[in-house]
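Visitor: Provided herewith is a single structure, encoded as structure tokens, for subsequent inquiry.
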Amino acid sequence: GMSGTSVAKHQSALYRTANSPYAIATSVEMYATGGMDRSKIVFGIPFYVVYGSIANNPANPLGLSMTNGGTMSYTNFRKNYAANGYVEYFDEAAMVYYSYSGTKFASYDNPASIGYKCQWVKDNDIAGVMFWDYGHDSAGGTLLDAIYQAFRTI
Numbered sequence: 001g002m003s004g005t006s007v008a009k010h011q012s013a014l015y016r017t018a019n020s021p022y023a024i025a026t027s028v029e030m031y032a033t034g035g036m037d038r039s040k041i042v043f044g045i046p047f048y049v050v051y052g053s054i055a056n057n058p059a060n061p062l063g064l065s066m067t068n069g070g071t072m073s074y075t076n077f078r079k080n081y082a083a084n085g086y087v088e089y090f091d092e093a094a095m096v097y098y099s100y101s102g103t104k105f106a107s108y109d110n111p112a113s114i115g116y117k118c119q120w121v122k123d124n125d126i127a128g129v130m131f132w133d134y135g136h137d138s139a140g141g142t143l144l145d146a147i148y149q150a151f152r153t154i
């Protein structure tokens, strides 16, 4: 896990935003512009959740100071935390989801955001995706299945 203070942001945004300066599309384009063959580029999809505490119950936690941060599996988050006051939000600019309870923030990929990322892979002619790690997926393989469904029609 992490300790100290960090910032509440997307751990794996597809597109860059003011609050999430690092993003998949930006990184891939930097490598491609630098001469890397697109057919050799893959990026990772996290099957884990990054979480932390936010003070003052703001309307929007993105970009704010976050403490007591750490990581947990997607399964653990869905099973033990998601129902306890968290509300899921979609960031249309970054094309990813996050959950927020007023004092707790969680950033993760879910089947929908994985679908957007895999579609981006197809639209931008890169090799594909990898993930870390399968042990963090749900028992039924919900996240891996989202990758499979996205690529089975290529």
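Under the working numbering, think of the first position of the sequence shown as 1, with each following residue one higher.
Quick reminder that beta carbons are idealized off the backbone N, C-alpha and C, glycines included.
In this structure, does DSSP put Met30 in helix, strand or coil?
Guide: Taking the first residue of the sequence shown as 1, we reach residue 30 at position 30. Met30: helix per DSSP, three-state reduction.
Visitor: Ignore the nearest five residues each way along the sequence and tell me which others in Ala82's own chain have a CB closer than 7 Å to its CB.
Guide: The count along the sequence shown starts at 1 and reaches residue 82 at position 82. So the qualifying residues of the chain are Ser99.
Visitor: Where DSSP assigns a beta bridge to Asp133, which residues make up the other side?
Guide: Numbered from its first residue, the sequence shown carries residue 133 at position 133. Bridge partners of Asp133: none, in fact.
Visitor: Let's see if you can read the secondary structure: which residues bound the beta strand (DSSP E) around Pro46?
Guide: Taking the sequence shown and counting its residues from 1, the one referred to as residue 46 is at position 46. Residues Val42 to Pro46.
Visitor: Buried or exposed, going by whether 16 or more other CB atoms sit within 10 Å of the CB of Met30?
Guide: The residue you call residue 30 lines up with position 30 of the sequence shown. So Met30 ends up on the exposed side.
Visitor: So does Met72 have its beta carbon nearer than 8 Å to some heavy atom of the ligand MN?
Guide: As presented, the structure is devoid of all ligands, the ligand MN included, so that no description of it is given.
Visitor: What's the C-alpha gap between Trp132 and Gly52?
Guide: Locating residue 132 in the sequence shown gives position 132, counting from the first residue. Locating residue 52 in the sequence shown gives position 52, counting from the first residue. Approximately 20 Å between the Cα atoms of the pair.
Visitor: Going along the chain, which unbroken runs of the beta strand (DSSP E) with 3 or more residues stay wholly within the region 46-131?
Guide: With a minimum length of 3 residues, the continuous beta strand (DSSP E) runs that stay inside the region 46-131 are 48-53, 65-73, 87-91, 96-100 and 104-108.
Visitor: Give the DSSP-derived three-state secondary structure of Ser39 in the structure shown.
Guide: Your numbering for residue 39 matches position 39 in the sequence shown. If DSSP states are grouped into helix, strand and coil, Ser39 belongs with the helices.
Visitor: If you run the structure through DSSP and keep just helix, strand and coil, what is Thr17?
Guide: Mapped onto the sequence shown, residue 17 falls at position 17. Coil at Thr17, not helix or strand.
Visitor: Apply the 10 Å Cβ neighbour rule to Lys117 and answer buried if 16 or more other Cβ atoms are within range, or exposed otherwise.
Guide: Stepping through the sequence shown from its first residue, residue 117 is reached at position 117. It counts as buried.
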